[in-house]
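> I have a structure here, written as structure tokens, and I will follow up with some questions on it.
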């Protein structure tokens with residue numbers, strides 16, 4: 009009954025966040041302030057595509073090509089349209105494919121699209137964008153991954169969601185959100201948490217953002233790597249507008 013299924017967006021606990029922010033100290037400022045920061049997974053541990061090492065060259069080349077193309081497109085997910093029955097069949101023959109629960113709707117295309125390819129796209133996008141940004145700005149990230157591929161970035165390890173994250177969001181001049189590609193149109197929790205901490209946010213475009221926020225007033229969006237770099241440069245140089 010899809011015409012009668014509805015859902016609410018996620019939310020931030022601003023009463024708790026306000027309490028945390030009211031207790032910020034000078035040592036917190038010294039520890040957590042940053043020009044550009046990102047908190048989150050790099051998705052390497054969530055990416056079973058990385059284990060698909062025995063794919064035929066044609067299948068591997070085809071999938072790598074659509075991964076690279078989708079990485080550069082925001083607001084529209086077209087991978088499903090490019091997965092043919094033959095591609096799915098060949099992929100399943102060469103990997104240890106996901107095992108469905110007994111009563112599940114066994115949709116192989118959705119699994120290949122969302123579990124394997126979308127997670128790989130998310131991993132690639134986050135690494136590539138952070139590498140590009142690190143050549144222009146001081147970037148701090150909080151992730152439990154080792155990050156030898158990001159030698160210019162300061163990796164502080166994980167951050168506690170109840171105490172440290174609100175302080176980081178609040179004290180960073182610019183917070184980044186790069187939505188996982190498996191989230192087709194919705195708003196990830198990171199966006200609510202950043203705004204709920206009175207933090208400045210630049211995020212990729214998601215269709216449902218315009219249902220709840222005014223872009224350019226509540227938050228800013230980027231449409232490409234070049235656009236993101238230019239907007240970070242602009243808002244670092246215009247602190248009054250950024251704070252407003």
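Residue numbers (my numbering): 9 to 252. The beta-carbon is built from N, C-alpha and C at its ideal position, and this holds for glycine as well. Predicted model only: the values in this text are computed from it and were never measured.
Assuming residue 132 and residue 75 form a contact by the criterion Cβ under 8 Å, report the distance between their Cβ atoms to the nearest whole angstrom.
7 Å
> Taking the CB atoms as reference points, tell me whether residue 145 and residue 43 lie closer together than 8 Å.
yes
> List the residues that DSSP assigns as beta-bridge partners of residue 230.
212
> Here's a check: name, in chain order, each residue in its chain whose Cβ is nearer than 6 Å to the Cβ of residue 250, leaving out the five neighbours to either side.
208, 243
> Does DSSP put residue 183 in a helix, a strand or coil?
strand
> Could you give the first and the last residue of the continuous beta strand (DSSP E) run that contains residue 148?
147-150
> Enumerate in chain order the residues of its own chain whose CB-to-CB distance from residue 160 is below 6 Å, with the five nearest sequence positions on each side excluded.
142
> Mapping the DSSP letters down to three states, classify residue 285 as helix, strand or coil.
Lying outside 9 to 252, the shown extent of the chain, residue 285 is not represented and no answer is given.
> By a C-beta neighbour count over all protein chains shown, 10 Å radius and 16 as the cutoff for buried, is residue 174 buried or exposed?
buried
> How is residue 42 classed by DSSP in three states: helix, strand or coil?
strand
> What is the DSSP secondary structure of residue 161, reduced to helix, strand or coil?
coil
> Quick one: any contact between the stretch 181-201 and the stretch 123-138, if contact means 3 or more CB pairs under 8 Å?
yes
> So, for residue 215: in the same chain, excluding its five sequence neighbours on each side, which residues have a beta-carbon less than 7 Å away from its beta-carbon?
Answer for residue 215: 83, 193, listed in chain order.
> Taking the straight line between their C-alpha atoms, what separation do you get for residue 178 and residue 137?
About 22 Å.
> With DSSP as the reference, please indicate the residues paired to residue 195 in a beta bridge.
For residue 195, which the question treats as bridged, DSSP gives no partner whatsoever.
> Closer than 7 Å by C-beta to residue 48: which residues in its own chain qualify, once you throw out the five before and the five after it? Chain order, please.
151, 198
> Assign residue 223 to one of three DSSP states: helix, strand, or coil.
strand
> From the DSSP output, which residues share a beta bridge with residue 47?
150
> So does the stretch 48-65 actually touch the stretch 107-116, counting three or more Cβ pairs closer than 8 Å?
no
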